[in-house]
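Chains as they are written, first to last, in the numbering used here: chain Z, 499 to 886; chain X, 85 to 470. Structure record follows, encoded as structure tokens.
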Amino acid sequence: MRLLLAYSLRNLRTRKITTALTAGGMALVLFVFAAVLMLDSGLKQTLVSTGEDANAIFVRRSAEVEIQSMVDRRQAGIIESQPEVLLGSDGAPVVSKEVVVLIALPRQGSGQTSNIVTRGVGAAVLTLRPKIHIAKGRMFRPGSNEIMIGGALVGRFSGLQEGSTLRFAQRDWQVVGQFDAGGSGFDSEIWGDNAQFMQAFRRDAYSSVVVRLASRAGFNSIKARLESDRRLTVEAKREGVFYEEQSRLMSGFIQILGVTLSVLFSVGAVIGATITMYAAVASRKREIGALRALGFRRSSILVAFLAEAMLLGMVGWVVGLSLASLMMLVKVTTLNWASLSELAFRFVLTPGIVLQSLCFAIVMGFLGGFLPALRASRMKIVDALRAN
Amino acid sequence: MMQFFKLVARNSLRNRLRSALTVAGIVAAILAFGLLQTIVEAWFAGVDGAVASRLITRNSISFSSPLPRAYEKRIREVDGVRDVTFVTWFGGIYKDAKNFFPQYAVDSASYFRMYPENVVPEDVLREFQHDRRGAIIGRKLANRFGLKPGDVVQLEGTIYPGPWEFVVKGIFDGRDPKIDTTQLFFRWDYLNETLRMRSKAQAEQVGVFVVDVADVNRVAEVSEAIDHTFRNSFAETRTETERAFQIGFMKQTESILISIRVVSFVVIFIILSVMANTMAMTARERLAEYATLKVLGFGPGYVASLILAESVVLALVGAAVAIWLTPLVAAQIAVLTKALFPTLVVSKDTVALQAVAALTVGVLSAVFPMWRASRVNIIEGLRAVG
Numbered sequence: 499m500r501l502l503l504a505y506s507l508r509n510l511r512t513r514k515i516t517t518a519l520t521a522g523g524m525a526l527v528l529f530v531f532a533a534v535l536m537l538d539s540g541l542k543q544t545l546v547s548t549g550e551d552a553n554a555i556f557v558r559r560s561a562e563v564e565i566q567s568m569v570d571r572r573q574a575g576i577i578e579s580q581p582e583v584l585l586g587s588d589g590a591p592v593v594s595k596e597v598v599v600l601i602a603l604p605r606q607g608s609g610q611t612s613n614i615v616t617r618g619v620g621a622a623v624l625t626l627r628p629k630i631h632i633a634k635g636r637m638f639r640p641g642s643n644e645i646m647i648g649g650a651l652v653g654r655f656s657g658l659q660e661g662s663t664l665r666f667a668q669r670d671w672q673v674v675g676q677f678d679a680g681g682s683g684f685d686s687e688i689w690g691d692n693a694q695f696m697q698a699f700r701r702d703a704y705s706s707v708v709v710r711l712a713s714r715a716g717f718n719s720i721k722a723r724l725e726s727d728r729r730l731t732v733e734a735k736r737e738g739v740f741y742e743e744q745s746r747l748m749s750g751f752i753q754i755l756g757v758t759l760s761v762l763f764s765v766g767a768v769i770g771a772t773i774t775m776y777a778a779v780a781s782r783k784r785e786i787g788a789l790r791a792l793g794f795r796r797s798s799i800l801v802a803f804l805a806e807a808m809l810l811g812m813v814g815w816v817v818g819l820s821l822a823s824l825m826m827l828v829k830v831t832t833l834n835w836a837s838l839s840e841l842a843f844r845f846v847l848t849p850g851i852v853l854q855s856l857c858f859a860i861v862m863g864f865l866g867g868f869l870p871a872l873r874a875s876r877m878k879i880v881d882a883l884r885a886n
Numbered sequence: 085m086m087q088f089f090k091l092v093a094r095n096s097l098r099n100r101l102r103s104a105l106t107v108a109g110i111v112a113a114i115l116a117f118g119l120l121q122t123i124v125e126a127w128f129a130g131v132d133g134a135v136a137s138r139l140i141t142r143n144s145i146s147f148s149s150p151l152p153r154a155y156e157k158r159i160r161e162v163d164g165v166r167d168v169t170f171v172t173w174f175g176g177i178y179k180d181a182k183n184f185f186p187q188y189a190v191d192s193a194s195y196f197r198m199y200p201e202n203v204v205p206e207d208v209l210r211e212f213q214h215d216r217r218g219a220i221i222g223r224k225l226a227n228r229f230g231l232k233p234g235d236v237v238q239l240e241g242t243i244y245p246g247p248w249e250f251v252v253k254g255i256f257d258g259r260d261p262k263i264d265t266t267q268l269f270f271r272w273d274y275l276n277e278t279l280r281m282r283s284k285a286q287a288e289q290v291g292v293f294v295v296d297v298a299d300v301n302r303v304a305e306v307s308e309a310i311d312h313t314f315r316n317s318f319a320e321t322r323t324e325t326e327r328a329f330q331i332g333f334m335k336q337t338e339s340i341l342i343s344i345r346v347v348s349f350v351v352i353f354i355i356l357s358v359m360a361n362t363m364a365m366t367a368r369e370r371l372a373e374y375a376t377l378k379v380l381g382f383g384p385g386y387v388a389s390l391i392l393a394e395s396v397v398l399a400l401v402g403a404a405v406a407i408w409l410t411p412l413v414a415a416q417i418a419v420l421t422k423a424l425f426p427t428l429v430v431s432k433d434t435v436a437l438q439a440v441a442a443l444t445v446g447v448l449s450a451v452f453p454m455w456r457a458s459r460v461n462i463i464e465g466l467r468a469v470g
């Protein structure tokens, strides 16, 4: 068997152009396949890491995203006084009553505008979301017109950096800091004081209330109690789940598109492999005859040619995946259809994707090589030896 | 000349399995290419459908912030404005979130007057104007859910909470197949009346104003004048042409569009690699014949054109099948994806692009074998074993 494998490997090497062209076609298919999966995992990672599981978010019932939601001051007061809410070192509940408004800002370079989330947050927000830290400058002072910006915004919007002034909602805002939210969705947001934002945007209700729970298990009881409270019209979700749901629409689209394309494209590559393998079988008839005469079984011949085709697929996999991994350097910004705001994320290569694309490559090689290998294994020794 | 074509035809049919596989590959690739182009075009359908004399006035904060209904009167007074209407995005859920389709609250008197591309029968419009809970739905939406006039549609509000009920008064058609008929329109006054009771803060507001300008050449001036009217007010406005408004939307999903475009060219390279491989193998096997032709006195140009013709013939046969299949598959995709692509029409440009792509693949695949065959040394060629 080892001899046959070495034989297959050598054959791939001798017919360089054909091998390169066939493997090249497969590499392109695998590139598309892997790149799409990487895009999807990047999107998910960004949105999933946006929420903390120890936090509960309250939005108005049936609102899917924060911009659709309204929670008035009285309801917010009831939510923050629940016993499940963690108390900070100062004895005050760790709560952020947030007001979320989209603003349109001109992008760097073009005059086109993009929607950005501005989030008015409570003073305890950094205790509430411990993964976020100030990268540059400082936190805004409560009650002032100071704001801080997420790291992913820098360079994408003209004049948006620490120390600059930004005008929206008919007021000038001082950018005093830049925060790093670890690549999560918050990195594409602008944060300021919630009371100031409510006044500037002329809102009299919050968009959401986020509380830190003293224990993760407390979620079920606070949810059950508040959702059945007739004074309230809110719905409770774990913050992680809330943001994960926002990725579903986009992620579903990317996955469907990507898988459809990969399957469609792989038809081309599989046909390429079939043509190559048929030619390989045809030009090696005498060799096959000789191998059979030496005592190799039909099944061994079948396996040898299948192995050759799958090797071809694996060459394509190595090239395609290497190309795809270069995509990790690319930053993508797109409109998130759920929240209607712009979101920045990266291509992320996970071990799962490496494995999935390997399987895809081997399956492509197998499908392409199966019929030719079958033909090779079915040849009669005498006919094969007689062929020129 | 006849003899030349006979040779090409015979050559193409010699290794039938290989030729058939190659053509099948081309069909798959050109089909995929055509479908992707069609999808990208569908994305831009809103931009193409934009009317030059229509302006959209939205809140300067962003389009998700509303404007006071009272602005209508003041916009109407701006010089150069012929007509004004307003639209509010409703965003309700019909039975399940998967059943997404756009719903708009509109002014029953003026909306359809300003959107002649949505063709509403006169009696339907009259009924709509007489029933506060009335709704008019597009043909595709009606077909999708089997809705007919008289049916009650219940939506669960996301922006405007609670259950909402509308009575289908009739169905509108698009003026041409590119018009989106997956929408539902209902009356803004019904929305407003209910909001006054349920959620006062959201009442008396609209999403955007749509302004019809009398003279297309004065569009820029009029939009400036509208924005000037509301400067330093509670809700400042931003007015732009319908086209610019649509492009603004597109631009934000640009990275997805770019990737679809890039990917649609990747498939051309995939098929190029398959086709080039086929031609290289074919030419290698026939080196002896090319040498024979040369012995008989045919020049290197003749040999080369034989290969080129064979390659182009294979590519074009594949392209013809693919072009025939594209509209059929596109229609199927439109049905499967439902709301995502309201209009999926294969344009002439797409067909032309498909043909050009196939021709390019055919020609490029032949280049290397042509070069090799035309340079083949007679002695060596005759000695070569396929």
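Just so you know, even glycine gets a beta-carbon here, dropped at the ideal spot from N, CA and C. Remember, predicted model here, so these are calculated numbers, not experimental data.
Point to revise | Span separating the alpha-carbon of L323(X) from that of A836(Z) | key: Correcting the residue identity first, residue 323(X) is Thr in this sequence and not Leu. Rounded to whole angstroms, T323(X) to A836(Z) spans 25 Å at the Cα level.
Exercise for review: Step through the CB atoms of chain X and report whether any lies within less than 8 Å of the CB of L519(Z).
Suggested key: yes
Point to revise | Minimum C-alpha distance to F666(Z) - residue among F531(Z), E644(Z), S686(Z), G648(Z) | key: E644(Z)
Practice item. Would you check if the stretch 765-782 of chain Z and the stretch 746-755 of chain Z touch, i.e. whether three or more CB-CB distances between them fall below 8 Å? Key: no
Point to revise | Range of the contiguous beta strand (DSSP E) that encloses F529(Z) | key: F529(Z) -> not in any beta strand (DSSP E); alpha helix (DSSP H) instead, spanning 514-546.
**Study point:** Within chain X, the residues that L585(Z) reaches when beta carbons sit closer than 9 Å
**Key:** Within 9 Å Cβ-Cβ: nothing; L585(Z) doesn't reach chain X, min ~32 Å.
Practice item. Using beta-carbon positions only, say whether I140(X) and E326(X) come within less than 8 Å of one another. Key: yes
Point to revise | Min CB distance T544(Z) to chain X below 8 Å | key: no
Point to revise | Rounded straight-line distance, which links the Cα of A602(Z) to that of G657(Z) | key: 14 Å
**Study point:** Same chain, Cβ closer than 6 Å to I720(Z), five either side skipped, listed in chain order
**Key:** Q580, E582
Check your understanding: Hey, quick one: how far does the beta strand (DSSP E) through M646(Z) stretch, first residue to last?
Key -> 644-648
**Study point:** CB contact check: G470(X) to chain Z, cutoff 8 Å
**Key:** Residue placement at G470(X) is flagged as unreliable, the pLDDT there being 48, under the threshold of 50; the coordinate-derived value follows with that caveat. Yes, G470(X) counts as interfacial toward chain Z.
Review point. Between R710(Z) and Y741(Z), what straight-line distance do the alpha-carbon atoms span, to the nearest angstrom?
Key: 16 Å
Exercise for review: Check the C-beta distance from T478(X) over to A734(Z) and give it rounded, since I have them as a contact under 8 Å.
Suggested key: Residue 478(X) lies beyond the stretch modelled for chain X, which goes from 85 to 470, so this question has no answer here.
Review point. If you follow the alpha helix (DSSP H) that K432(X) is part of, which residue opens it and which one closes it?
Key: 432-458
Exercise for review: Sort out for me which residues DSSP pairs F556(Z) with in a bridge.
Suggested key: V707(Z), A734(Z)
**Study point:** Rounded C-alpha distance that separates F531(Z) from S760(Z)
**Key:** 5 Å
Practice item. Kindly say whether A703(Z), judged by its beta-carbon, lies nearer than 8 Å to any beta-carbon of chain X. Key: yes
Review point. Nearest to V292(X) by alpha carbon, out of R223(X), F329(X), F318(X)?
Key: F329(X)
Point to revise | the stretch 354-363 of chain X in contact with the stretch 146-162 of chain X per 3-pair CB rule at 8 Å | key: no
Practice item. Measuring only between beta-carbons, confirm whether R558(Z) sits less than 8 Å from chain X. Key: yes
**Study point:** A388(X) (DSSP reduced to helix, strand or coil)
**Key:** helix
Check your understanding: Can you give, in chain order, each stretch of the alpha helix (DSSP H) that sits fully within the stretch 584-629 of chain Z and has at least 4 residues?
Key -> 623-626
Practice item. For the alpha helix (DSSP H) holding E201(X), just list the boundary residues, first then last. Key: Run containing E201(X): none; DSSP gives neither H nor E here.
Exercise for review: With 8 Å as the threshold, decide whether the Cβ of E562(Z) is near any Cβ in chain X.
Suggested key: yes
Review point. Nearest-angstrom Cα distance between K634(Z) and G648(Z)?
Key: 10 Å
Practice item. Pull up the CB-CB distance for S547(Z) and S706(Z), whole angstroms please, since I reckon it's below 8 Å. Key: The pair is not a contact, with the Cβ atoms about 18 Å apart (cut-off 8 Å).
Review point. Do F529(Z) and G818(Z) have their CB atoms nearer than 8 Å?
Key: yes
Review point. Can you list, in chain order, the stretches of the beta strand (DSSP E) that have 3 or more residues and sit fully within the stretch 312-384 of chain X?
Key: 321-325
Point to revise | Distance between G653(Z) and A309(X) (C-alpha atoms, nearest Å) | key: 33 Å
Practice item. Whole angstroms is fine: what's the gap from V162(X)'s alpha carbon to A304(X)'s? Key: 13 Å
Check your understanding: Going by beta carbon distance, what residues of the same chain come within less than 7 Å of G246(X), once the five residues before and after it are set aside?
Key -> R282
Point to revise | M281(X) at chain Z interface by Cβ criterion, 8 Å | key: no
Practice item. Please name the residue or residues paired with G635(Z) in a DSSP beta bridge. Key: G675(Z)
Review point. Can a CB atom of chain Z be found closer than 8 Å to the CB of L97(X)?
Key: no
**Study point:** Reduced DSSP secondary structure (H/G/I, E/B, other) of D207(X)
**Key:** helix
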